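Some notes on the structure that comes next.
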Amino acid sequence: MKILKYVFIIVLLFCAALSYAQSTVELASEAYRTEDYKKSIQLYEQVLAQNVSEGKESAEIYYNLGNAYFRNGETAKAILNYERALLLNPGDSDIRHNLRFARTRIEDKIDTSDSFFLTNWVNSFKNLFSSNTWANIAIALFMAFLACIAAFLFVRRMWIRKTAFYAGIVIFVFMLVANLFAFNQKNSRINRNTGIVMAASASIMTSPDANSQELFRLHEGTKVKLNKTDGNWIEIEIANGSVGWTSKENVEVI
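Quick note on this note's numbering: the sequence shown kicks off at 936 and runs consecutively.
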């Protein structure tokens, strides 16, 4: 009976927490609709804090928070949250559209280094789905692969066996690709090595030293790659390949 009592209490607390989160989201959405963006931001941040404490993340919450920040004139924070939403749901066209639009409002216009067209195509294809979706696709393909093996081994008709053999090869290749994409997406989500410049103006130096030479300046909202750290300094790389050091306080990890 004691065990049942504890289980009941845990379920009750879980339901209460879930109800609180849902009501807070509803209040945040209502504040956004009435153009009270500061209140909407505050409420969405509360939901995010609760999610983080529970080890959860929500692309929808990040997206809505990004919208609230953008409407409140805080472009860098909007971009940061759109990028976080995109990590969790890379195939969402609304997130991509709003992110592209927000980027038009930032000061830095950096020419990107040209990438091989095949690399761009593979990345676009990979970003159609999240890691969980790719994992589910891989599982479905594995089941289809097993069916092809069974057909090849146990069906007597030659044309069915040939079809199963060649189909199995194709399915196996696609299964490997889906697994690779799932791993890559999950790795990008866990080992985050990109960030957004949050400072109004950030000096990028030749070395992790305030007395070193300034290479250039970046402004809020610019996306950077995070290479390595040295004390309170972090080495960043921008889209055109330029590298330099800046204070950790100037950048927030996506």
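Heads up, the beta-carbon is just placed ideally off N, CA and C, and yes, glycines get one too.
Keep in mind the model is a prediction, meaning the values are calculated, not measured.
Proximal residues to residue i (C-beta, below 6 Å), its chain only, five neighbours per side dropped
i	result
K1121	S1066
N1062	P1025
L953	For L953, the predicted model reports a pLDDT of 47, less than 50, meaning its position is unreliable and no value from the coordinates is stated.
I1072	A1113
S1147	M1140 and T1141
Reference residue i, options the options, closest by Cα
i	options	result
D1144	V1112, G1176 and T1181	T1181
R1152	N1119, V1186, W1069 and G1166	V1186
I1014	L983, G990, T1039 and K991	T1039
S975	A963, N986 and V1108	A963
G1008	D971, V982, D1043 and E1184	D971
R1124	S958, F1036, E992 and V1057	E992
R1006	S1136, D1027 and A1037	A1037
S1059	R1092, D1027, D1046 and T1129	D1027
F1043	N1146, R1031 and A1135	For the sequence presented, residue 1043 should be read as Asp rather than Phe. For the residues N1146, R1031 and A1135, the minimum Cα distance to D1043 belongs to A1135.
Same chain only: Cβ atoms within 8 Å of residue i, ignoring 5 sequence neighbours per side
i	result
N1016	Y997, Y998, L1000, G1001 and Y1004
A1011	I1041, I1131, V1132, M1133, E1155 and G1156
A1090	Going by the sequence as given, residue 1090 is Val instead of Ala. So the list reads R1096 and A1099, once near-sequence residues are dropped.
L1150	I1139, M1140, T1141, S1177 and G1179
D1029	Y998
K1183	T1164, N1167, W1168 and I1169
V942	Its pLDDT being 48, under 50, V942 is placed unreliably by the model, and the measurement read from it follows with that caveat. Excluding residues within five positions, none has a Cβ falling inside 8 Å.
Y967	S975, N999, N1002, A1003 and R1006
Proximity test, residue i beta-carbon vs the ligand SAM heavy atom, cut-off 7 Å
i	result
R968	The ligand SAM is absent from the structure shown, which contains no ligands of any kind.
Distance between beta carbons of residue j and residue i, contact taken as under 8 Å
i	j	result
E1172	V1159	7 Å
A1086	I1106	Not quite, the Cβ-Cβ distance comes to about 12 Å (not below 8 Å), so this is no contact.
L1021	L1034	6 Å
R1175	I1045	One point to set straight first is that residue 1175 is Asn, not Arg, in the sequence displayed. Confirmed, Cβ separation roughly 5 Å.
Residue interval of the alpha helix (DSSP H) (run including residue i)
i	result
T1068	S1066 to F1089
G1001	A994 to R1006
S1059	F1052 to K1061
S1209	As displayed, the chain neither begins before 936 nor continues past 1189, which places residue 1209 out of reach and without an answer.
T1181	Careful: T1181 lies outside any alpha helix (DSSP H), inside the beta strand (DSSP E) at V1178 to S1182.
N1016	T1010 to L1023
D1029	S1028 to R1038
Close-in-space but distant-in-sequence residues of the same chain around residue i (CB under 7 Å, 5 per side omitted)
i	result
C950	Reliability fails at C950, whose pLDDT of 48 lies under 50, so the model's placement of it is uncertain and the value that follows must be treated cautiously. Closer than 7 Å at Cβ, skipping near neighbours: no residue.
C1083	A1099, A1102, G1103 and I1106
A1069	Correcting the residue identity first, residue 1069 is Trp in this sequence and not Ala. Taken in chain order, the residues that qualify are A1113, F1116, A1117 and Q1120.
F1077	M1110
Y979	A963, I996, N999, L1000 and A1003
L1088	none
S1128	Strictly speaking, residue 1128 in this sequence is Asn, with Ser absent from that position. So the qualifying residues of the chain are K1160 and L1161.
R1019	Y997 and I1189
L948	Any reading at L948 must be qualified, since the residue scores a pLDDT of 47, below 50, and its modelled position is unreliable; no value is offered.
Boundaries (first-last residue) of the beta strand (DSSP E) holding residue i
i	result
E1187	V1186 to V1188
- request: Just list the alpha helix (DSSP H) runs in the segment 1117–1169, keeping only unbroken ones of 4 residues or longer that don't cross its boundaries, in chain order.
  value: Runs found: none.
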